[in-house]
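In what follows, a structure is listed as structure tokens, so that the remarks can point back to it.
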Amino acid sequence: MLKKFMSYYKPHLGLFILDMVCAFLISITDLVYPMVTRRFINDLIPNKEINLIYKFGIILLILYIIRFIMEYIVGYYGHLLGVSMEYDMRKEMFSHVQQLPFSFFNSTKTGHIMSRMVNDLNEISELAHHGPEDLFISTVMLVGSFILMFRMNIKLTLMIFSVIPFMIYFAIHYNGKMKGNFRKTRESLANVNGQLQDSLSGIKVVKSFTNEGYEIEKFDEENSTYKTLRGESVKYLGIFSGGVNFFSNLLTVITLTFGGYFVYKGEISSGDLVAYLIYVNQFLQPVKRLANFIEQYQRGMAGFSRFIDVMEIEPDIEDSPDAVDINNVKGEVDFKDVKFSYDDNKSILKDINLHINPGETVAIVGPSGAGKTTLCSLIPRFYEIDGGEILVDGKNIKDIKIKSLRENIGIVQQDVFLFSGTIKENIAYGKLDASEDEILQAAKFANAHEFIMGLEDGYDTYIGERGAKLSG
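Right under this line is the structure:
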């Protein structure tokens, strides 16, 4: 999975390299500062070398101006890298979801899909930017600090770095606990979004049956589960952050105690001890960065895992290699021994034989759940049949390109869906390149022209979500 995640950096390799180079330069300026301070205390101030003091002061100022520029680049272009990857993934996911079969939407709540596209990808974006950057800076700082501290005093350096194995064990231990919790929390948030979407989409029905209290109870149940899981997350993060701070303070205590002793014994100078304290403080920053990285990694990879779950769902209805377009459709439809079921346990349609002549009007009559809508949904291949064949003008629909087949079928859904936009845009949705005359003609055929013209803005009337601003 990590290899797949890293592949999304490829289109933005230039931004990634720029981010890493600037992060490296920031680390170098941080490593130089303690050595300059050490030189000040050990040599320049005792020897009263005022010219060198000014000279080193100017050097430090230049270094920090450079650092400011590098931090701006990392802050801006680094975030741009994360946002660009988030854009790519969201575009890819949305395009993929458009190709998925109806069976996917029947079994997946809209809120869950939205949670993956919005919340999960936001977490992935943060990881894409801060993850490699924090890991790289931390590595450079840890290795650089160790080398420079080792050169000053081996014994004190080994004492300080002897704490690292305990910190690593602590991090790995709580890393495992956080990993499972973060995935459960993301799934719970998706359930909250799903419940919210269901309730708000059906708000008119809710109010009509005065079921506000019932909806509140259902929402509170999901929200309460999320609160519990989020509370566990905070608990683990609290222990983790507290542990990191404890080890940080422990390093300071070791440095002051044993560093002071070595100064007393004459093994290091006061300037060395000050440099050590600065390095230890800087050494703690990459440790904290690593702690943040672990948290971001768990959240980001939990989101990426859910992203991959959707991306790995294969469309079960695709064009055959030799599929063709159809033109001048007459409208003859034949069902020959058609069988269909939504799952293997229950057959919905069995051995259906039906012939419909061009221009003929046919009513499919039956009780609710008998399969009337399902039968109609098989003609445009919204679902794949289990047996038999369906012919349009004598040609098996499996041998016709799906886009061409559906372009030649007019559908009026039981639940008419209106998109947020203008009336003109909604009418033209069936033919995106429709001319003004074609839009007017379609409205007249539907006996809607006079009603539309009676609106203040006519065909340019904004109808709101699901046509909420239209009456009647």
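So for the sequence shown, the working numbering puts the first residue at 1; every next one is plus one.
Built from N, CA and C at the ideal position, the CB exists for glycine as well.
- The stretch 419–428 and the stretch 387–398 do not touch, with fewer than 3 CB-CB distances between them shorter than 8 Å.
- Per DSSP, the unbroken alpha helix (DSSP H) holding valine 253 starts and ends at 212–265.
- Residue environment for phenylalanine 5: buried (at least 16 other C-beta atoms within 10 angstroms of its C-beta).
- Taking a contact as a CB-CB distance under 8 Å, the pair isoleucine 348 and threonine 373 does not count as one, their CB atoms being some 10 Å apart.
- Between the alpha carbons of phenylalanine 40 and isoleucine 58 lies a gap of roughly 13 Å.
- Under the DSSP assignment, aspartate 19 falls in the alpha helix (DSSP H) whose first and last residues are 13–39.
- When DSSP states are grouped into helix, strand and coil, valine 274 belongs to the helix group.
- Ranking Gly243, Thr37, Ile216 by CA distance to the CA of leucine 52 puts Thr37 first.
- Excluding residues up to 5 positions away in sequence, Asp134, Ile137, Ser138 lie with their Cβ nearer than 7 Å to the Cβ of arginine 289 in the same chain.
- The beta carbon of threonine 29 sits closer than 6 Å to the beta carbons of Leu63, Arg67 from its chain, once the five residues preceding and following it are set aside; these are given in chain order.
- Boundaries of the alpha helix (DSSP H) harbouring phenylalanine 451: 449–453, taken from the DSSP string.
- Looking at the DSSP output, threonine 185 shares a beta bridge with no other residue.
- As DSSP reads the structure, phenylalanine 340 sits in a beta bridge with Leu349.
- In this structure, DSSP gives valine 365 a state outside helix and strand, which the three-state scheme calls coil.
- Cβ-Cβ distances below 6 Å link lysine 330 to Pro358, Asp393 in the same chain, with the five nearest sequence neighbours on each side left out; the list follows chain order.
- Between isoleucine 26 and methionine 89, the gap from beta carbon to beta carbon reaches 7 Å or more.
- The beta carbons of threonine 257 and leucine 277 sit no closer together than 7 Å.
- When DSSP states are grouped into helix, strand and coil, leucine 432 belongs to the coil group.
- Segment contact: the stretch 147–163 against the stretch 112–121, fewer than three CB-CB distances shorter than 8 Å; contact not assigned.
- Lysine 424 is classed as buried because its beta carbon has at least 16 other beta carbons within 10 Å across all chains shown.
- According to DSSP, lysine 395 shares a beta bridge with Val392.
- No Cβ-Cβ contact shorter than 7 Å links isoleucine 463 with alanine 442.
- Three or more Cβ pairs closer than 8 Å define a contact, and the stretch 94–111 meets that threshold against the stretch 191–199.
- With respect to the 7 Å criterion, glutamine 99 and proline 315 are classified as neighbours on the basis of their beta carbons.
- Note that the C-beta distance between glycine 82 and histidine 12 is not below 7 Å.
- Relative to the Cα of phenylalanine 170, the nearest Cα in the group Tyr279, Ile294, Asn223 belongs to Ile294.
- A residue is called buried when at least 16 other Cβ atoms come within 10 angstroms of its Cβ; alanine 370 does not meet this threshold and is exposed.
- Judged by their CB atoms, isoleucine 390 and phenylalanine 340 are not nearer to each other than the 7 Å cut-off.
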